[in-house]
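Heads up: the structure comes next, in structure tokens.
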Amino acid sequence: MSDPQDPQAAEPTIDPLNAPSVTPPTQPLTRREARELAQSASVAEATSVLPAVEHETAAEQETTAEQETTVLVTSPIAEAFGSAAPQPARGGIFAMVAKHPNAWLFSALGVVFVLLATGSIVAGAAVGSSKADASTPVSLANPSATPSPTPTRPVPAAIAAATRLRTCSVAAPASDPNLLTFQGSVINTTTGEVLFDRNGATPSRTASVLKTLTAAAALTVLGPDYQISTKVYAGSTPGSVVLVGGGDPTLSALGAGQESVYRGAPKLSDLAAQARAKSSVPITDIVLDSTYWDPTDNWDPSWERTEQSEGSQPEVTALTVDGGRANPQAQNSQRSSDPIADAGAAFAADLGISGAAHVTTGTAPAGATLLGEVKSQPVRALVAYMLPISDNTLGEYLARQTSKVAGSNGSSASLAQVIPAALAKYGLTTTGVGIRDGSGLSDNNVVPATFVARLMAKVAGGQQNLNIIYDALPISGKTGTLASRFTGANAVARGAVNAKTGWIKSEYALAGVVHATDGATLSFAFYALGAINSRTIPALDTITTAVFKCGNNLSNN
């Protein structure tokens with residue numbers, strides 16, 4: 179707005195050089211009119227030169243008001259009313275106002291509006307000028323200085339990809355109290371995404387699910403075609419032979435035409451025939467060599483001895499026959515308390531040697547002549563038998579073989595390093611994996627469920643001979659230890675789950691591959707830890723079936 183004390187803002191000035199031309203009046207001017215016209219021109223000229231108009235005296239103002247004048251009005255006001263023609267004025271400006279009060283009122287208001295707007299612009303310029311002229315010194319920018327860069331907003335190096343919103347929950351079956359302390363992990367085998375996790379990173383006992391780790395280690399260290407040898411050498415004295423155990427628990431004492439639980443197993447009688455054929459003298463004495471690993475390292479103290487008496491686990495010696503079974507044709511049969519001596523007695527019978535004095539223990543002499551050799555079925559066949567029925571014997575013997583071929587000593591203690599190192603060859607991180615045995619009988623085995631699920635994802639892919647494990651896994655409601663499971667409401671998942679079972683007195687476990695209803699392939703591992711009961715197994719089947727129904731829409735909520 180204009181400063182009310184500024185006289186230039188109160189009334190516009192007239193430049194005499196640019197003033198509008200005055201058309202001579204149509205009638206002669208009186209002497210008074212001519213004088214007033216001259217005074218008006220003089221005032222306009224003075225206004226355009228002087229910075230301000232001096233105050234008139236009271237007498238001059240009164241005289242001017244009383245004078246009659248004839249002036250030509252050609253102003254913006256006249257143009258606003260549609261006429262630029264000269265208008266005569268008689269009796270001064272006050273007479274004109276008195277004659278046309280309304281027209282002059284509205285015209286004055288318009289002029290005031292224009293002046294106010296013009297004054298605002300002038301005031302803005304004046305404010306800017308006053309700031310520039312302020313006494314406070316102004317620092318001028320150095321034209322040669324580099325301007326400071328404008329700060330930019332931080333942005334991530336990579337924009338995270340959109341993630342799928344999954345809505346199928348298995349929270350209810352996962353909360354079943356019959357699952358006790360529940361741990362589990364489910365992975366999409368195609369994408370590697372963890373779809374479900376309940377303390378999956380916690381290292382915990384695995385029960386017989388551990389056999390899948392043993393099988394994977396054996397396949398990568400031994401290879402699927404590896405066979406275990408049992409040999410006979412000539413002894414240090416004439417007529418003596420040395421039976422050298424190579425750690426094959428399937429070596430059978432049954433006669434020709436008979437099969438043990440390990441079908442196609444090598445026969446001790448074949449070794450006896452080879453030795454007789456190659457020996458230059460009759461065989462009268464037998465030396466038993468079970469030093470492939472320490473023969474006293476044959477039982478883990480964390481195992482319950484009832485496993486031996488009830489027929490599920492023998493003493494682990496490098497020389498044994500029929501897995502130490504009292505009945506070679508029964509999977510669960512009481513196991514021998516002295517498997518080395520039992521093997522010696524069976525070999526002596528095949529050679530026609532009688533008397534315990536003719537059977538001793540020892541080692542084969544260096545450079546001895548090989549008289550005979552038999553081999554087990556290849557590892558692929560041993561794995562194919564071990565996993566469906568969860569054979570503890572093969573679990574322990576394959577673990578010891580893996581230790582020996584890996585360059586260790588075959589001891590139970592060596593498994594803690596040998597098995598994880600072998601599993602790492604599949605590209606798996608073995609953090610938290612603690613191995614005590616090869617069968618899973620020990621409570622001291624600890625493996626995170628997430629690790630098992632990741633191994634099962636590899637198994638589902640079938641690379642690096644892991645297809646052998648997949649093909650051997652029990653199938654829900656169809657084969658092996660899952661043949662009688664997945665009943666009732668869970669029957670919808672029969673045939674869709676390939677998984678290894680696990681059972682010890684403090685746990686039930688299940689781990690493998692689910693072929694879901696939406697076509698997704700999921701790997702999983704579930705542990706139910708604690709005081710297991712008859713409802714724990716159905717609870718494991720139920721949550722597995724829920725995963726089968728959810729497929730890739732499985733939510734972790």
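So in this note's numbering the end of the sequence shown lands on 735, straight run, no missing numbers. C-beta atoms are modelled at their ideal positions from N, C-alpha and C, and glycine is treated no differently.
Closest to residue i by CA distance: which of the options is it?
i: threonine 607; options: Arg614, Ile613 and Ala599; result: Ala599
i: threonine 368; options: Leu343, Asp475, Ala631 and Leu718; result: Ala631
i: serine 407; options: Gln579, Ser586 and Pro716; result: Gln579
i: phenylalanine 525; options: Leu421, Ala350 and Gly585; result: Leu421
i: alanine 394; options: Asn570, Gly658 and Arg558; result: Arg558
i: leucine 576; options: Pro506, Thr428, Ala527 and Ala335; result: Thr428
i: serine 684; options: Trp481, Leu449, Gly522 and Leu497; result: Trp481
i: glycine 679; options: Leu397, Gln641, Met564 and Thr547; result: Looking at the sequence shown, residue 679 is not glycine but threonine. The residue with the shortest Cα to Cα distance from threonine 679 is Met564.
i: glycine 423; options: Gly545, Pro402, Ala496 and Gly666; result: Ala496
i: cysteine 346; options: Thr695, Asp621 and Leu718; result: Thr695
i: threonine 384; options: Lys656, Ser662 and Ser620; result: Ser620
i: serine 457; options: Arg663, Ser418 and Lys409; result: Ser418
i: serine 590; options: Asp472, Asp448 and Arg663; result: Asp472
i: aspartate 516; options: Thr498, Leu548 and Leu560; result: Thr498
i: proline 556; options: Ile646, Gly605 and Pro479; result: Ile646
i: lysine 553; options: Asp426, Glu574, Val561 and Ser581; result: Asp426
i: alanine 443; options: Ala677, Leu572 and Thr722; result: Leu572
i: serine 487; options: Leu560, Asn510 and Asp478; result: Asn510
i: proline 416; options: Asp478, Ala350, Arg454 and Thr398; result: Arg454
i: aspartate 403; options: Asp354, Ser581 and Leu560; result: Leu560
When you compare only the Cα positions, how much space is there between residue i and residue j?
i: glutamine 512; j: asparagine 623; result: 25 angstroms
i: threonine 628; j: lysine 603; result: 17 angstroms
i: asparagine 735; j: aspartate 467; result: 58 angstroms
i: phenylalanine 374; j: alanine 352; result: 10 angstroms
i: threonine 720; j: serine 490; result: 28 angstroms
i: alanine 412; j: alanine 546; result: 6 angstroms
i: asparagine 587; j: tyrosine 470; result: 8 angstroms
i: glycine 666; j: proline 716; result: 10 angstroms
i: serine 514; j: glutamate 485; result: 12 angstroms
i: alanine 687; j: leucine 718; result: 8 angstroms
i: glutamate 493; j: isoleucine 518; result: 10 angstroms
i: leucine 785; j: leucine 601; result: It is not possible to answer for residue 785, since the shown part of the chain is limited to 179 through 735.
i: leucine 644; j: glycine 433; result: 35 angstroms
i: glutamine 738; j: arginine 331; result: What is shown of the chain runs 179 to 735, which leaves residue 738 out entirely.
i: alanine 461; j: glutamine 405; result: The displayed chain sequence assigns isoleucine, not alanine, to residue 461. Approximately 27 angstroms between the Cα atoms of the pair.
i: leucine 548; j: glycine 370; result: 51 angstroms
i: glycine 502; j: glycine 540; result: 20 angstroms
For residue i, count the other beta carbons within 10 Å of its own beta carbon; 16 or more makes it buried, fewer makes it exposed. Which is it?
i: valine 670; result: exposed
i: arginine 713; result: exposed
i: valine 459; result: exposed
i: leucine 593; result: buried
i: valine 227; result: Reliability fails at valine 227, whose pLDDT of 36 lies under 50, so the model's placement of it is uncertain and the value that follows must be treated cautiously. Exposed, by the Cβ-count rule.
i: serine 654; result: buried
i: asparagine 570; result: buried
i: asparagine 356; result: buried
i: isoleucine 597; result: buried
i: valine 316; result: At valine 316, the pLDDT of 42 sits below 50, so the modelled position is not reliable; the number obtained from the coordinates is stated separately. Looking at its Cβ environment, which holds fewer than 16 other Cβ atoms inside 10 Å, valine 316 is exposed.
i: isoleucine 682; result: buried
i: alanine 396; result: buried
i: threonine 328; result: exposed
i: serine 641; result: For the sequence presented, residue 641 should be read as glutamine rather than serine. Glutamine 641 is exposed by the Cβ-count criterion.
i: alanine 230; result: Confidence in alanine 230 is poor, its pLDDT being 37 and thus under 50, which makes the residue's placement too unreliable to answer from.
Verify whether the separation of the beta carbon atoms of residue i and residue j is less than 7 angstroms.
i: proline 626; j: glycine 612; result: no
i: glutamine 436; j: glycine 550; result: no
i: threonine 390; j: glycine 616; result: no
i: glycine 673; j: alanine 698; result: no
i: aspartate 500; j: serine 438; result: yes
i: proline 566; j: proline 652; result: yes
i: leucine 449; j: valine 410; result: yes
i: aspartate 475; j: histidine 536; result: no
i: arginine 344; j: asparagine 731; result: yes
i: valine 465; j: threonine 538; result: yes
i: valine 348; j: alanine 689; result: no
Beta-carbon within less than 6 angstroms of residue i's beta-carbon, same chain only, minus the 5 sequence neighbours each way: which residues are those?
i: glycine 543; result: One detail in the question is off: residue 543 reads as proline in this sequence, not glycine. These residues qualify, in order along the chain: Ser414.
i: serine 363; result: Asp375, Gly378, Ala627, Thr628, Ala631 and Ala703
i: serine 701; result: Ile365, Thr367, Ala631, Met634, Ala635, Ala638 and Val691
i: serine 386; result: Ser568, Gly618 and Gly680
i: phenylalanine 664; result: Ser654, Gly655, Ala671, Arg672 and Asp719
Leaving out the 5 sequence neighbours to the left and right, which residues in its chain are closer than 8 angstroms to residue i when beta-carbon positions are compared?
i: leucine 358; result: Ala706, Leu707, Gly708, Ala709, Ile710 and Thr714
i: proline 381; result: Gly610, Val611, Gly612, Val624, Val625 and Pro626
i: aspartate 649; result: Ala562
i: glycine 531; result: It should be noted that the sequence gives isoleucine, not glycine, for residue 531. Hits under 8 angstroms: Ile461, Thr462, Asp463, Ile464 and Val537.
Measuring from the CB of residue i, is there a heavy atom of the ligand HEM at a distance below 6 angstroms?
i: glutamine 507; result: For the structure depicted, the ligand HEM is absent and the ligand set is empty, with no information on it obtainable.
Tell me which residues share the same chain as residue i and place their Cβ nearer than 7 angstroms to its Cβ, disregarding the 5 neighbours each side in the sequence.
i: histidine 693; result: Ala674 and Thr699
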